[in-house]
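Taking it in order: structure first as structure tokens, then the write-up.
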Amino acid sequence: MHTQALIIGGGVTGTGLARDLALRGVRVLVVEQGDINAGASGRNHGLLHSGGRYVSTDPEAAKECHRENEILKRVAPHCIEDTGGLFVAVEGDDETYAAEFPFLCRKCGIPCLPVDPQNARDLEPSLSSRIITAYRVDDAAIDPFKISLENIAHAQKLGGTLLCNTRVVSVEKENHSIKTVRLANVYTGKETIVQPEQVINAAGPWVGKVAALAGLKIEMLYSKGTLLVTAHRVTGQVVNRLRSPGDGDILVPGGTVSLLGTTSVRIDSPDLITPTIKEVDLIVNEGSRMIPTLKGIRYIRSYAGVRPLLKMDSTLDDRSVSRGFTLLDHSCDGLENFATIPSGKLTTFRFMAEKTADLICEKLGIHAPCLTRTEPLPASSYGKWTEPALGPKHWFGNPNNDPILCECEMVPESTVNNIVRSIKEKDGNLSLQTIGLRSRVGKGACQGTLCGKRVSAFLEEGGHIKEYDGLHDIRDFLQERWTGERPVLWHGQMMQAELKEALYCGAFDLEMDG
Amino acid sequence: MMVTAMMSKDAALGCDLAVIGCGLSGMAAALFAAEKGFSTVQAGVSGGLIFASGLLDVMGNHPIEAGHGWVDPWAAIDAVSNDIPGHPYARLTPGIIKESLSKVVSFLGKNNLSYVKSGENNSELMTPLGTTKTSYYIPQTMWEGVSALKEKRPGLVVGFDELKDFSAARVARGLMGQWSGLRWRNISLKGMVKTSSLVSGDILARDMETAGNVKNLASLIRPHLKDAETVGLPAILGMKRPQEIIEKLSLELGATVFEIPTTPLSVPGLRLNEAFTQGLAEKGVKLFFPERILSWEKEDDGAFLLAMGQGPQKKWIRAEGVILATGRFWAHGLRADRDRIREPLFDLPVHQPEKKDEWHRENFLDLRGHPANRAGLEIDDQFRPLNRSGEPALEKLFAAGSILAHQDWMRMKCGSGLAISSAYAAVAAFSNMRR
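Residue numbers (this note's numbering), protein chains in the order written: chain Y, 238 to 751; chain G, 945 to 1379.
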């Protein structure tokens, strides 16, 4: 298989780059070892930064955020909820930091309005009465799954190709360039040989591994960040703690829920990371200083992501290492057609993609301007169903012949059918997890207890996959959900966990089967 | 009249025994109390039973980490009593357990719910997930499924398009590897029953009792029967007298017919609930469902004053003895705070892992089970929960069912046997104290 640009990694960077290049007329092939946003891109806050977070530590990144925030709100409004955001300091926080904040914002050109603490509490009644300072900024919530799914759908519409569950096995070089890349499907082992003109390594935390296959050394640092999902939405806007970036200091609305995080813990490997009880406790305790109800409310799960950071100066702490992006052109390492994007931020993914596409086009000798800055991102059926309220809205239109498969999130059978069809069209791997990633299935309070079984039965009944092993799929799905549930099992969620086990073990003996 | 009378402490409803909880252990305790002639009051918020599959497990798996299923539950009880001295079964004899079970089964039989077992052994049957499990007392409506599974006769599992909580494909494909002659088929009940996308098992079950519907169902199944000698259906074949429906359907089809449990809302669970509720009322038990016991006080003579209700309007019960059968987390018998597990009503000490880190294993289906599931109340031989110094917390407070420590009913498959036999022991202990 020949391609002009082989992109390794189907996260927000890889998919964004695919669309940018495709819009410039470049034939792209995206390979992803798991599913879209399976790595860091699917395990973050979903925060479209105003830039305020970085004004003291990284003014360049702050300016980039502000610029991209405005562009994305214009070109991809359907992926964004323009909530606005607040920065709040509570009694005991560093008052000098709070006092300098508006000046630092102004220096970076970031809009920042002082709000009287009482007015802030009128805006967000759950805020602590111990708020001493508050500023209003342009933060927003962005759906990272939707944006990646829409980017890749558009790239595919423009002639691009996506291979999920596909790993890079080896790289062959000849005359200072990559000649062929050997790919293998992780399930079937089926190999594909690609002759790429250009190769872009956008493998997020795994860029070092990919580079090593080409004989290059990229040293990375991994910082683990844990987040919590509340059962209900706590605030209308994004709420940031007005202090030097630390643990548990951002709360972002995510449709019907809120996301509270994060922590920053240095880890050795980006594989198999899971949230811990200790991290959850820290986040709840810190978060409740801004919003006291965060101590008493119900959380339905937790998850952990990895911040991949290029190792440059190991004396800095992980949040201070520039999150602004670096583009590594490996021409200087003796490989003319290879580049790596080692790290970055969700908010500035488009800008990273633009700069990378500029470089690739220059190498390909293509003169075409970047269009992602102005061209609206089309909405597709592929990314449509990640939106929380859409399932119920769709169902109410024609409830009579459309059974609900997931009651917590009200996902009807027709929606699951739509998703199954679009995954099949794109040759994706059908499973409870791939359906969950593209919809709200399994995301509600019961965390897959009832919907897992129903959706799996739907796949069996429709004969959607020839050799579908339903019990195996259910086991994988339950375990994936469990990893996030385990650290938040108290009060209501403990009850849910008991119901889940009473069914799958008490009534079905699933633990004893096989 | 009575309710108005209960509105103040002075006018509390008096009884010998108050049973708190309306799951299987609460129901069994109320039954045993009434049969011993005690005036009995029972209060609880329905929860447990409507999720029950209808099967009565006694003991199936021990040691759980070996994943070892026992055919002989009595040998398994012997083993668990030796290995885990704190297990509630270790305080009981097989004779007592058998006696308690047969009393409950005979009571249910008189209330139109017949149970069958295979001698003194466990039977294997299919689950709605397409796995198999063992149980001891099997509802008669499911009994043909036991022999069908054993003999692997040519069979048909029928599902309904309208009922999403049961999938014939799921059942048949799960068993595919061990039962090649099992086919599945979905049929639509459109036109036969009032259907919508929100149909649940209980609605269908009541519809099945409408005259003519069994014949209609048979005619929908008949074209798909082919070589099938046995037909499995989701457990929705009637609410009150399901066995009659099964016999009629079997006659119409010329094949044996059996029910397979569904996921909640479970019709066999609702049948259990109805049978108990009616049968206990007939025996004179005063039932308060759904009502929660909010708090308690101790009278000078040692009696309990229990406050029941919601909001400021409270009703009062005065009881000589109390049986706490409030279940675990789902039923609010135990409550998990962020850092510890507690018993919310009497604030009894709860045996539990030292740190929250140890509550649950990283793997959901870990064969060793989750340590939090062995948390619960420590008791003495009279089934009285202990206080912090290891003495009975209150002279006539007893505990029964899944709230007890050192057992994991979900993994050991001992839930019903434990619920019933511990209720029996608790009532017996109360009775002995009064003599």
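Backbone N, C-alpha and C define an ideal beta-carbon position, used for all residues, glycine too.
Since this is a predicted model, take the numbers as computed values, not measurements.
Here's a check: name, in chain order, each residue in its chain whose Cβ is nearer than 8 Å to the Cβ of residue i, leaving out the five neighbours to either side.
| i | result |
| --- | --- |
| Y:Y459 | P442, R503, I504, D505, S506, P507, V543, R544, P545 and L546 |
| G:G1359 | L968, D1001, S1346 and W1353 |
| Y:L360 | L323, V352, G473 and Q474 |
| G:F976 | S1044, K1047, A1367, Y1368, V1371 and A1372 |
| Y:D272 | G247, C401, N402, G665, N666, Q670, T671 and L674 |
| Y:H631 | P649, S651 and T652 |
How should residue i be labelled, buried or exposed, when 16 other C-beta atoms within 10 angstroms of its C-beta is the threshold for buried?
| i | result |
| --- | --- |
| Y:S551 | Model confidence at Y:S551 stands at a pLDDT of 48, short of 50, so the residue's coordinates are unreliable; what they give is reported in the following sentence. Label assigned to Y:S551: exposed. |
| Y:T593 | buried |
| G:M945 | Bear in mind that a pLDDT of 46 at G:M945, under 50, signals an unreliable position, so the number given afterwards is only what the model happens to contain. The residue in question, G:M945, is exposed, as its Cβ has fewer than 16 Cβ neighbours within 10 Å. |
| Y:C349 | buried |
| G:P1167 | exposed |
| G:Y1080 | buried |
| G:A962 | buried |
| Y:F633 | exposed |
| Y:K383 | buried |
| Y:P362 | exposed |
Excluding sequence positions up to five away, which residues of its chain have a Cβ less than 7 Å from the Cβ of residue i?
| i | result |
| --- | --- |
| Y:G462 | G498, T499, T500, S501, A541, G542 and R544 |
| G:L918 | Because chain G is modelled from 945 through 1379, residue 918 of chain G falls outside the range shown and cannot be assessed. |
| G:G1013 | G1004, N1005 and T1078 |
| G:E1088 | T1174, T1200, V1201 and F1202 |
| Y:E738 | none |
| Y:Y741 | L715 and L747 |
Within the continuous beta strand (DSSP E) that includes residue i, where are the two ends?
| i | result |
| --- | --- |
| Y:K416 | S414 to N422 |
| Y:H239 | H239 to I245 |
| G:S1163 | Looking at the DSSP string, G:S1163 is not in any beta strand (DSSP E); the run it does join, the alpha helix (DSSP H), is N1157 to L1169. |
| G:P1178 | T1174 to P1178 |
| Y:A576 | F575 to T577 |
| G:K939 | In this structure chain G extends from 945 to 1379, so residue 939 of chain G is not present and cannot be described. |
| G:G1103 | G1099 to F1104 |
| Y:R503 | V502 to I504 |
In chain order, what residues of the same chain have a beta carbon less than 6 Å from the beta carbon of residue i, not counting five sequence neighbours either side?
| i | result |
| --- | --- |
| G:E1153 | G1182 |
| G:N1376 | none |
| Y:Y619 | L386, A390 and S659 |
| G:D960 | F982, S983 and E1264 |
| Y:E516 | T463 and T500 |
| G:N1331 | A1337 |
| G:F1220 | M971 |
| G:A949 | A955 |
| G:F1248 | W1240, A1263 and V1266 |
| G:D1171 | P1098 |
Kindly indicate the opening and closing residues of the alpha helix (DSSP H) around residue i.
| i | result |
| --- | --- |
| G:Q1084 | Q1084 to E1095 |
| G:S1046 | P1038 to K1054 |
| G:M1354 | W1353 to M1356 |
| G:G1320 | Careful: G:G1320 lies outside any alpha helix (DSSP H) and carries neither H nor E. |
| Y:N654 | E650 to E662 |
| Y:E332 | E332 to C345 |
| Y:R526 | I514 to M527 |
Looking at chain G, which residues of the region 710-732 of chain Y have a Cβ within less than 7 Å of any of its Cβ atoms?
Of all residues in the region 710-732 of chain Y, the ones placed with a Cβ closer than 7 Å to any Cβ belonging to chain G are R712, L715, Q716, W719, R723, L726, W727, H728, M731 and M732, in chain order.
Interface residues of the region 1060-1076 of chain G facing chain Y [CB-CB below 9 Å]
T1071, P1072, L1073, G1074, T1075 and T1076
Which runs of the alpha helix (DSSP H) spanning at least 4 residues fall entirely within the region 1183-1215 of chain G, listed in chain order?
1186-1197
Which full runs of the beta strand (DSSP E) of 3+ residues lie inside the region 358-410 of chain Y, going along the chain?
As far as the region 358-410 of chain Y is concerned, its whole beta strand (DSSP E) runs of at least 3 residues are 368-374, 377-379 and 398-400.
Which residues, in chain order, does the region 1284-1313 of chain G contribute to contact with chain Y at a C-beta distance below 9 Å?
So the close ones are I1285, K1299, K1300, D1301, W1303, H1304, R1305, E1306, N1307, F1308, L1309, D1310, L1311 and G1313.
Complete alpha helix (DSSP H) runs within the region 428-499 of chain Y (minimum length 4 residues, chain order)
Entirely contained in the region 428-499 of chain Y, the alpha helix (DSSP H) runs reaching 4 residues are, in chain order, 444-450.
Near-chain Y residues of the region 1085-1099 of chain G - C-beta to any C-beta below 8 Å
none
Which residues, in order along the region 637-666 of chain Y, keep a beta-carbon less than 9 Å from a beta-carbon of chain G?
N637, N638, D639, P640, I641, L642, P649 and E650
Contact set between the region 1104-1121 of chain G and chain Y, restricted to residues whose Cβ is under 7 Å from the partner
K1108, S1111, A1113, R1114, R1117 and G1118
Taking a Cβ distance cut-off of 9 Å, strictly less, list which residues of the region 482-515 of chain Y are near chain G, in chain order.
Within the region 482-515 of chain Y, the residues whose Cβ lies closer than 9 Å to some Cβ of chain G are T511, T513, I514 and K515, listed in chain order.
With 8 Å as the C-beta to C-beta threshold (strictly closer), list the residues of the region 1332-1360 of chain G near chain Y in chain order.
W1353, M1354, R1355, K1357 and G1359
Could you pull out every unbroken alpha helix (DSSP H) segment of at least 4 residues lying fully inside the region 616-647 of chain Y, listed in chain order?
627-634
Interface residues of the region 1229-1259 of chain G facing chain Y [CB-CB below 8 Å]:
none
Contacting positions in the region 732-745 of chain Y - beta carbon closer than 7 Å to chain G:
M732, E735, L736, E738, A739, L740, C742, G743, A744 and F745
Runs of 4 residues minimum, wholly inside the region 293-334 of chain Y: which ones carry the alpha helix (DSSP H) assignment?
Entirely contained in the region 293-334 of chain Y, the alpha helix (DSSP H) runs reaching 4 residues are, in chain order, 296-312.
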